[in-house]
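Just below is one structure, and these are the notes that go with it.
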Amino acid sequence: MKLSICMMVKDEEKNLRRCLNSVKPLIEEGIAELIIVDTGSCDNTVDIIKEYTDKVYFHLWNNNFSSMRNISISYARGEWIFILDADEEVENVEELRKALLNEKINDSNTLILEVKNIDTLKDKDNIAYSPSTRIFKNDGQFKYMGAVHNQPIYKEPTYNTNVSLVHYGYILGDKELMDKKFLRTKTILENELKKDSNNVYYLFQLGVSYDMHGDFREGLEEFKKAYNILKTMSNREIYDRVYVYGAYARCYYANDKYNEVINICKQGIKYRADYIDLYFMMAMAEKHQGELEEAKKHFLKYFELINNFHKLKISKDLNIILYNINIESKDNAYYNLSEIYISERNYQRAYEFIILIKDKIKKNSLMPMVLVRLNGISKLKKYYNEIKEDEELTNYFLSNLDVEINKLAEEEQYKIYSELAALESEYGLYCKIKILKDEEKVLKTREFLNTFNFRNKPVFYSEIFRIMFNDSKSLLDYFKKINLNDLKEIVKYLLDNYDESKRIFKELLLKCNIKSYDISGNKAYIGISYVILINEYEENKTIYNIDYEIFKRYIDSGINYVSQLYNMEKVRIIYKEISSSEERFFMLMYLIKEHSLKSDIRSVVRYIKEALNCNKELIKYIGKYKDEILRDIS
């Protein structure tokens with residue numbers, strides 16, 4: 001037997017299949033045996049184990065990790081011992097097979113694997129990496145020591161494999177399991193610290209346990225204790241325990257204590273010049289503090305170390321987990337360094353780092369600005385064509401691009417729109433409209449509006465309606481085709497950005513004559529008037545007669561609208577079940593009108609109170625309407 005996979009478990013039914021399936025090929029091929037010590041499971045763990053092996057042994061938990069590890073090892077008969085936890089899986093079992101069949105390992109006593117620690121299944125780019133001694137020659141002497149965070153007493157020489165383990169133990173989704181593990185580990189660590197209160201490693205691990213459990217203040221206290229003890233030690237001792245600086249700095253960074261982060265990182269780097277995480281955190285903290293030159297210097301140093309990672313001693317240091325060599329950290333560094341170069345107007349240098357960003361949203365937020373400043377139209381078109389199949393990404397990109405183009409002088413805007421008009425897309429047609437004049441512009445706008453669906457599109461496209469401002473009938477016809485919520489966004493955008501919009505919309509609202517049965521026309525009236533009414537009151541803090549007239553027409557259109565959607569004979573029964581608060585409001589206004597005709601003041605007052613809760617944005621208008629209704633009844 002080449003390999004003995006040794007595990008100890010308790011209540012791991014949620015993890016176990018994933019773990020065991022990852023090594024199942026080796027077991028089925030007869031390369032490996034699976035040995036599992038159960039320490040008192042109460043769930044289906046044992047039943048699951050028996051699907052994979054008959055070598056399951058029962059030993060009660062004795063509060064000592066190493067002791068339990070050594071029990072599992074005692075059953076091993078293979079040439080090599082592989083220590084695996086239930087919350088892990090072998091990511092590339094083929095590499096493990098290759099390593100075991102490689103004759104080079106015969107000259108080694110210990111094999112080193114890479115462990116990828118992830119804390120969420122949703123974001124596998126946020127990974128902490130560490131090398132770990134996991135496979136050991138079964139010489140009859142190998143064992144573990146230490147009550148918690150057990151340490152293998154391994155022999156040199158070691159051999160670095162390409163085998164990767166994924167560790168899911170930091171995932172916080174299963175609170176009950178996390179609480180169990182936390183209490184178990186905390187108790188053991190506190191007992192050990194009673195025997196040796198100045199043990200830096202145990203203080204550090206207690207801090208990590210608190211931190212992972214969400215008890216950040218307690219975690220910080222333990223890191224602080226470890227840090228203060230560390231300062232009394234020799235340089236060699238500090239070098240071996242420099243991971244304390246990383247944990248202490250991370251804890252301060254999470255609490256936005258950037259001066260402390262910078263100070264700790266600078267100290268740690270004195271002892272460990274290749275500690276990548278410290279450069280990352282220091283640069284990020286300096287950026288937050290506005291120390292841009294220092295931040296730039298340390299970001300560049302961070303990238304220098306990243307690019308030479310496998311040549312660094314720290315890449316093979318078994319004591320250090322690196323949290324900032326993953327894709328997410330690199331993206332954050334690229335992004336922040338790009339922002340620094342943008343602040344210096346060094347757009348070319350910024351672009352060189354932006355293109356390295358993997359996160360498409362981050363990349364999109366900076367790419368338009370830089371390419372517009374560089375006049376990189378060909379790059380803009382190329383990038384647009386790369387992302388255009390992703391609607392959400394394209395919309396985000398175009399929204400940012402529109403903002404950047406509008407910052408330019410008109411002549412520059414014309415030049416860019418002329419180039420982008422060649423794109424064979426809706427956006428290309430939009431750009432073409434921007435550069436056309438007079439009748440041709442109107443014709444292309446009509447063509448655009450007849451086919452364009454504003455649903456889930458960037459709001460800047462709303463500008464196209466300005467071209468129809470001189471034709472209120474056509475404007476209303478186009479608005480009729482648009483979803484109510486989208487229409488409100490369009491009207492708000494036009495009001496916020498173009499002064500003439502208010503006058504145009506008010507004239508349209510006062511002049512148009514919409515039939516009671518015209519559902520799309522009443523919907524359009526609701527959308528325009530709602531935004532106009534809110535805008536007017538926010539600006540003037542008073543209700544003018546013209547606005548009050550629009551409000552009353554808003555109510556009439558709303559009642560007409562819901563009357564086409566629902567059976568109003570049952571309105572008293574159904575209105576409370578309507579999910580749309582605005583539609584519910586119109587139903588209540590229908591009831592208010594109905595009961596005011598009967599002079600039923602009590603019912604009118606009750607329904608008005610409910611209506612106020614449905615449409616609080618128009619509360620002042622509703623209040624005036626209430627006074628008018630009650631006055632008429634009296």
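Using UniProt numbering, read the sequence shown as starting at 1 and increasing by one per residue.
For glycine and all other residues, C-beta sits at the position ideal for the given N, C-alpha and C.
Residues of its chain near residue i, where Cβ-Cβ distance is below 7 angstroms and the 5 sequence neighbours each way are ignored
i	result
residue 498	466
residue 213	178 and 182
residue 529	509, 550, 553 and 554
residue 211	219 and 251
residue 105	99, 111 and 159
residue 524	476, 479, 480 and 487
residue 536	547
residue 531	488, 491, 492 and 495
residue 426	452
residue 48	13, 16 and 17
residue 619	612
residue 274	305, 312, 313 and 314
Status (buried if at least 16 other CB within 10 Å, exposed otherwise) for residue i
i	result
residue 635	Absent from the model: residue 635. The displayed extent of the chain is 1 to 634, so no value can be given.
residue 69	buried
residue 151	exposed
residue 185	buried
residue 348	exposed
residue 627	exposed
residue 256	exposed
residue 42	exposed
residue 206	buried
residue 584	buried
residue 96	buried
residue 635	The structure shown does not extend to residue 635, since the chain is modelled only from 1 to 634, so the question has no answer here.
residue 298	buried
residue 403	exposed
residue 561	buried
residue 230	buried
residue 310	exposed
residue 290	exposed
Residue i - DSSP class collapsed to helix/strand/coil
i	result
residue 6	strand
residue 590	helix
residue 69	helix
residue 205	helix
residue 1	coil
residue 23	helix
residue 289	coil
residue 602	helix
residue 281	helix
residue 468	helix
residue 136	strand
residue 329	helix
residue 368	helix
residue 247	helix
residue 389	coil
residue 568	helix
residue 242	coil
residue 31	coil
residue 302	helix
residue 141	coil
Beta-carbon separation (whole angstroms), residue i vs residue j, contact threshold 8 angstroms
i	j	result
residue 433	residue 464	6 angstroms
residue 252	residue 280	Actually they do not touch by this definition, with Cβ atoms about 14 angstroms apart.
residue 486	residue 454	5 angstroms
residue 10	residue 39	5 angstroms
residue 80	residue 135	5 angstroms
residue 1	residue 77	6 angstroms
residue 336	residue 266	That belief does not hold up - the Cβ atoms of residue 336 and residue 266 are roughly 19 angstroms apart, past 8 angstroms.
Neighbourhood of residue i by C-beta, 6 angstroms cutoff - its chain only, sequence neighbours within 5 removed
i	result
residue 723	A query on residue 723 cannot be resolved here, the shown segment of the chain reaching from 1 to 634 and no further.
residue 599	633
residue 203	222, 225 and 226
Cut-off 8 angstroms between Cβ atoms - residues of its own chain near residue i, not counting five sequence neighbours on either side
i	result
residue 55	33, 34, 35, 36 and 75
residue 534	617 and 618
Residue i CB to nearest heavy atom of the ligand MN below 8 angstroms
i	result
residue 513	Absence of the ligand MN is noted for the structure shown, with no ligands found whatsoever.
Cutoff 9 angstroms: residue i Cβ touching any chain B Cβ
i	result
residue 278	Among the chains in the structure shown there is no chain B, since it carries only a single protein chain.
Spell out a yes or no on whether the segment 501-519 and the segment 542-550 are touching, meaning 3 or more CB-CB pairs, one atom from each, closer than 8 angstroms.
yes
Contact the segment 157-165 vs the segment 110-121: 3+ CB pairs below 8 angstroms
The segment 157-165, when compared against the segment 110-121, does touch it at the 8 angstroms Cβ threshold.
Looking at C-beta atoms only, is the number of pairs between the segment 360-379 and the segment 429-445 that lie closer than 8 angstroms three or more?
no
The segment 58-65 contacting the segment 21-29, beta-carbon criterion three pairs below 8 angstroms:
no
Three or more beta-carbon pairs under 8 angstroms between the segment 219-232 and the segment 197-208, yes or no?
With a cut-off of 8 angstroms on Cβ pairs, the segment 219-232 is in contact with the segment 197-208, counting three or more such pairs.
Give a yes or no on contact between the segment 352-372 and the segment 386-399, applying the rule of three or more CB pairs nearer than 8 angstroms.
yes
Between the segment 228-244 and the segment 317-324, are three or more C-beta pairs nearer than 8 angstroms?
yes
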